[in-house]
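So the structure is just underneath, and the comments pick up after that.
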Amino acid sequence: MAGKQYVRLRPLTQKDLEAMAAWDGDEEIRFLLGLHLEEKERTYRQHCETLLGTPANRLWAIEVTPDRFIGEVELSQITWRTKEAELKICIGDPGFRGQGLGGRAIEAVLAIAFNELKLKRVYLRVYHYNRRAIRCYLRCGFKKEAVLRNRRRFSGQNYDVYLMYIDRDTYTRKTGGQEMAGRHSTSNWLTSLPGGGYNR
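Residue numbers (the numbering used here): 15 to 214.
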């Protein structure tokens, strides 16, 4: 896409779940997220439907102007006692992958996590073969914490899972904290994407 692009986050709705049904048939999504429909596991839509509206989970739709729904990002399993949560993201529309939009959505969610929810740590899990996502996470400030060997079986093969995290101190050093808070506040959650960006 030419020119400046925008990423907008808004709360995920039941209507969005209907649009997400098409994502479950996407081979790339199934491979990158480990969805094996033949094993009768939950689809991505069912995963989001289960979490929607529960107090320990926050789900956002990712939109690009003009109001086109392209993906979903979430903070799930929020533990208020330890102040941590798991981040998950999916760019469901194949026409918008690899343009840095996922990275911009992650930046916005991290601002919410650390500046508004006052979390201390955000972690994620990613398959070792999802190199594009790993590069994105590293650029957003995540660090590799552990490798879970042969943790996931998919299509007859075992795969390693990387556990990655970012803490509040790392986020503050990377972003300057207050500067990013104003830019990505939920009261002003329209964020611009300059040329380039993350490969996610």
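Cβ atoms here follow ideal geometry from the backbone N, Cα and C, with glycine treated the same way.
These numbers come from a predicted model, not from an experiment.
Rounded straight-line distance, which links the Cα of ARG111 to that of VAL175: Against the sequence shown, residue 175 aligns to sequence position 161. Against the sequence shown, residue 111 aligns to sequence position 97. Between VAL175 and ARG111, the C-alpha separation is close to 22 Å.
Tell me ARG139's beta-bridge partners as DSSP assigns them. By 1-based counting over the sequence shown, the position of residue 139 is 125. According to DSSP, which records beta bridges pairwise, ARG139 is partnered with LEU177.
Quick check: the Cα distance between TYR179 and THR79, rounded to an integer number of angstroms? For the purposes of this step, residue 179 is identified with residue 165 of the sequence shown, where counting begins at 1. For the purposes of this step, residue 79 is identified with residue 65 of the sequence shown, where counting begins at 1. Computed Cα separation, rounded: 30 Å.
In terms of residue numbering, what span does the beta strand (DSSP E) encompassing LEU89 cover? Taking the sequence shown and counting its residues from 1, one reaches residue 89 at position 75. Unbroken beta strand (DSSP E) run through LEU89: 82 to 93.
So what's LYS158 in DSSP terms, helix, strand or just coil? Reading the sequence shown from its first residue, position 144 is the one you call residue 158. If DSSP states are grouped into helix, strand and coil, LYS158 belongs with the strands.
Cutoff 7 Å; reference ALA127; Cβ partners in own chain excluding five residues on either side: Along the sequence shown, read from residue 1 onward, the residue named residue 127 stands at position 113. Counting only Cβ-Cβ distances below 7 Å, and skipping sequence neighbours, we find LEU89, ALA99, LEU133 and VAL136.
To the nearest angstrom, how far is the alpha carbon of ILE103 from that of TYR20? Translated into the one-based positions of the sequence shown, residue 103 becomes position 89. Translated into the one-based positions of the sequence shown, residue 20 becomes position 6. If I take the Cα positions, the gap works out to 17 Å.
Rounded to a whole number of angstroms, what is the C-alpha to C-alpha distance between PRO108 and LEU66? Here residue 108 refers to the residue found at position 94 when the sequence shown is read from its first residue. Here residue 66 refers to the residue found at position 52 when the sequence shown is read from its first residue. Computed Cα separation, rounded: 24 Å.
Going by DSSP in three states, ALA70 sits in which element: helix, strand or coil? The count along the sequence shown starts at 1 and reaches residue 70 at position 56. Shown here, ALA70 sits in coil according to DSSP, grouped into three states, outside any helix or strand.
Leaving out five residues before and five after ILE92 in sequence, what residues of the same chain have Cβ atoms less than 6 Å from its Cβ? If you number the sequence shown from 1, residue 92 lands on position 78. Cβ neighbours of ILE92 beyond the five flanking positions: ALA70 and ALA99.
Using alpha carbons as the reference points, say which of MET34, GLU159, ARG22 and ALA125 lies closest to THR186. One-based indexing of the sequence shown puts residue 186 at position 172. Ranked by Cα distance from THR186, the options MET34, GLU159, ARG22 and ALA125 are led by ALA125.
List the endpoints of the continuous alpha helix (DSSP H) containing GLN19. The residue given as residue 19 occupies position 5 in the sequence shown. Careful: GLN19 lies outside any alpha helix (DSSP H), inside the beta strand (DSSP E) at 19 to 25.
Beta-bridge pairing of LEU133 - partner residues as DSSP gives them: For this step, residue 133 is matched to residue 119 along the sequence shown. The partner list for LEU133 (beta bridge, DSSP) is empty, contrary to what the question assumes.
So the candidates are ILE76, ILE120, LEU23 and VAL140; which of them puts its Cα closest to the Cα of TYR173? Counted from its first residue, the sequence shown places residue 173 at position 159. When each option's Cα is compared against that of TYR173, the closest is VAL140.
First through last residue of the alpha helix (DSSP H) which encompasses ILE103: As a working note, residue 103 is residue 89 in the sequence shown. ILE103 -> not in any alpha helix (DSSP H); beta strand (DSSP E) instead, spanning 98 to 105.
Under three-state DSSP, which class holds ARG163? Translated into the one-based positions of the sequence shown, residue 163 becomes position 149. Here ARG163 sits in strand by DSSP.
What would DSSP say about GLN113, mapped onto helix, strand or coil? By 1-based counting over the sequence shown, the position of residue 113 is 99. If DSSP states are grouped into helix, strand and coil, GLN113 belongs with coil.
So the alpha helix (DSSP H) ALA35 belongs to, where does it begin and stop? Here residue 35 refers to the residue found at position 21 of the sequence shown. Careful: ALA35 lies outside any alpha helix (DSSP H) and carries neither H nor E.
LYS97 versus VAL123: straight-line alpha-carbon distance, rounded: Numbered from its first residue, the sequence shown carries residue 97 at position 83. Numbered from its first residue, the sequence shown carries residue 123 at position 109. Approximately 15 Å between the Cα atoms of the pair.
In DSSP terms, what GLN28 is bridged to: The sequence position of residue 28 within the sequence shown is 14, counting from 1. Per DSSP, GLN28 has no beta bridge partner at all.
Hey, LEU23 and TRP74 are a contact pair by Cβ (cut 8 Å); roughly how many whole angstroms apart? As a first step, residue 23 must be located in the sequence shown, where it is residue number 9. As a first step, residue 74 must be located in the sequence shown, where it is residue number 60. That belief holds up - the Cβ atoms of LEU23 and TRP74 are roughly 4 Å apart, short of 8 Å.
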